Amino acid sequence: MEGYTHAIQSRLTFFPIIKGIASISMTTHLTEQAFSSLPLDETLHNGLRRAGFEFCTPIQAQSLPLLLSGHDVAGQAQTGTGKTIAFLLATFQRLLTIEPIANWNGKQPRAFILAPTRELAIQIAKDAEILNSEANLRIVVAHGGKDYEKQKAAITAGVDILIGTPGRLLDYHKQHVFNLKYIQVVVLDEADRMFDLGFIKDVRFFLRRIPEPSQRLGMLFSATMSYKVTELAYEHMNNPQKVQVVSDNVSGDRIEESVYYPANEEKIPLLLALIKRLQPQRGIVFVNTKKAADTVWGYLEGNGHKAALLSGDVPQKKRESLLKKFQEGEFPFLVATDVAARGLHIPEVSHVFNYDLPQDVEDYVHRIGRTARAGASGVAVTFACEEYVFSLPDIEHYIKHKIPVATTADEQLLQPKPPIKPEKRPPLRHKQGDKAHKNTARPRHHKQVN
C-alpha cells in the first residue's frame, strides 16, 4: 500500500504471516481503505457513517479483511490506533450473519470480550454502542467497583455481547449467572496487561470453557507481543494470523520527548515552571504512588491549577465523574497513578508529565501514549530524579532511542505556594465479588529487558 514500508518480520515465527501485510510501518494515521468497501452488514455501515468513520487506520485495514473472512487474528498495535473498532466490527458482523449455536436459549452471551481494567471495559462498551444504533444487539458491561446487583440483573435478562474485567466476570460465572457454552466470538484486549496485573489464570479459566477454537472467531490484541502473549494466542486460537502495525519509534513518531534530571526537592518547582512555560491545553501528570499523587495534586491546586486526582482508592463512581470532568475541560490536569496509564481514550491530551519515572519499561510507552492519539501530536516530559533514574537505561533500550536531555537550569524555578491537602478518603469497602482492586495494583519490580 502506498505510503507504507514493510518492516522486519517478527521472530515469533509460529504465526502464519500474510505476505506483504504482516508488519507495516505506521507513518500516517489513516489508510486508503474505506469502510464502505468492506463486506459489512448494512446496519454497521450506517453506524460507521453516523459516527463519521470513513477510512480505516492501519490496524483496521490489515485485520478486518482477515477477520471478516473467518480467520483468527493476533494483533499488535500501539494504543490509540483503532483496534477497538476493528474487533467490535468483526464481533458484530459475526453475530449478525451466522446462526447461534444449537439450543441457544436467547439469553446466554454469544460474544465475550475481556479487558484488564474497568476503564477500558467501559470505553469498549461506549464504542460498541456507536455501532449498535441499528444492529440492536444486547450489550452488557461488567466490572468491579460498583453496581454489583445491577450488572448481574442485566446479564440475567439476556445478553449478546458481554464485556468485562476478569474478576467480576469470574464471580458471576461461578454463581452461574451466565455460561460460555454458546460463545461464537472471543476477544482478549491488551493481553500483555492481563499478565502484568495477574489476571492470566482467570483468562485461561475462561478460554478453557468456551467452544473449541475451530468453532468460534478469536481475537487477541496487545501493545507488545512478548513470548508469553504469543504462547497464549498459539494455545487458545485457531491458526491465528499475526497482524503487526509498528512504528520505527516504539514510543510514537508524533510525540516530542524530553527528560530532565532534577533533584528530588526540585521536582515540584520544575513541574510548575514547565506548566507556566508550556501552557498545556490538557495534561496528565503520572506518579508511581498514591502518596506522590496526593502531593502533586496538592501543589497544583495550591498554585492555581485545577486538577483531578485519580488513584486506586478513588471509588468507581467518583472516578468516572472526575474523568468526565477532565475530558470536558473542567479540570485542565489529571494526576494519576498507573491506574490510568492504559485503556483511557481521552481526546486532546496535549502534554504528559512523568513526574516519577516508571519502573516498568512498557509503562513508559503506555503513559506517554495518552497523548498524540488519533493522528495528533503531543509532548511527553519525564523527570529522572534520584529515586527512579535507575530505570532510564532500560526504558531507552526498549524504545530504541535516547530521550533528548533538557536542563533544569534553563527553567525559571520559583518557590511554590503551599499545597492544599486532599480530602481524606475512607478505605474502599468491596462488595461481594469485587477483587479488592486487583486490576489497579502495580507490582513494584524492575523489569529487565534482554
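The opening position of the sequence shown corresponds to residue 9 in this note's numbering, with each subsequent residue numbered one higher.
For every residue, glycine included, the Cβ atom is placed at its ideal position computed from N, Cα and C.
Everything numeric in this text was worked out from a predicted model, so none of it was measured.
Annotated three-state conformation of Ile276 is helix, per DSSP. Bounds of the alpha helix (DSSP H) holding Gly55 are Glu50 to Ala59. When secondary structure is reduced to three states using DSSP, Leu422 falls in the coil class, being assigned neither helix nor strand. The residue among Ile411, His374, Asp168 and Thr345 with its C-alpha nearest the C-alpha of Leu104 is Asp168. Sixteen is the threshold: since fewer than 16 other Cβ atoms of the shown chains lie within 10 Å of the Cβ of Asn113, the residue is exposed. At a Cβ-Cβ threshold of 8 Å, Leu240 and Phe214 do not count as neighbours.
For Ala150, same chain residues with a beta-carbon under 6 Å away, outside a window of 5 residues either side, are Gln159, Gly172, Arg176 and Leu177 in chain order. Between Leu278 and Leu421, the gap from beta carbon to beta carbon is short of 8 Å. The continuous alpha helix (DSSP H) containing Tyr242 extends over residues Tyr235 to His244. Judged by beta-carbon spacing, Thr92 lies beyond the 8 Å limit of Thr65, meaning their Cβ atoms are not closer than that value.
No Cβ-Cβ contact shorter than 8 Å links Glu394 with Ala301. Around the beta carbon of His313, 16 or more other beta carbons sit within 10 angstroms, so the residue counts as buried. A Cβ-Cβ contact shorter than 8 Å links Val251 with Ser71. Between Val343 and Leu365, the CB-CB gap reaches or exceeds 8 Å. One thing to note: Val360 has its Cβ no nearer than 8 Å to the Cβ of Arg290. In terms of Cα proximity to Lys333, the closest of Asp402, Leu228, Pro323 and Ile354 is Ile354.
For the 8 Å CB-CB criterion, Leu196 and Ala119 do not form a contact.
Looking from the CA of Asp135, the closest CA among Arg58, Gly166, Tyr156 and Val322 belongs to Arg58.
Around the CB of Ile106, fewer than 16 other CB atoms lie within 10 Å, so the residue is classed as exposed. When rounded, the separation of the alpha-carbon atoms in Val373 and Gln367 is 12 Å. For Leu318, the enclosing beta strand (DSSP E) covers residues Ala315 to Leu318. Runs of beta strand (DSSP E) with 3 or more residues, each lying fully within the stretch 111-165, are found at 119-122 and 147-150, listed in chain order. With fewer than 16 other Cβ atoms inside 10 Å of its own Cβ, Gln223 counts as exposed. Secondary structure note for Thr99: its alpha helix (DSSP H) is the uninterrupted segment Lys91 to Thr105.
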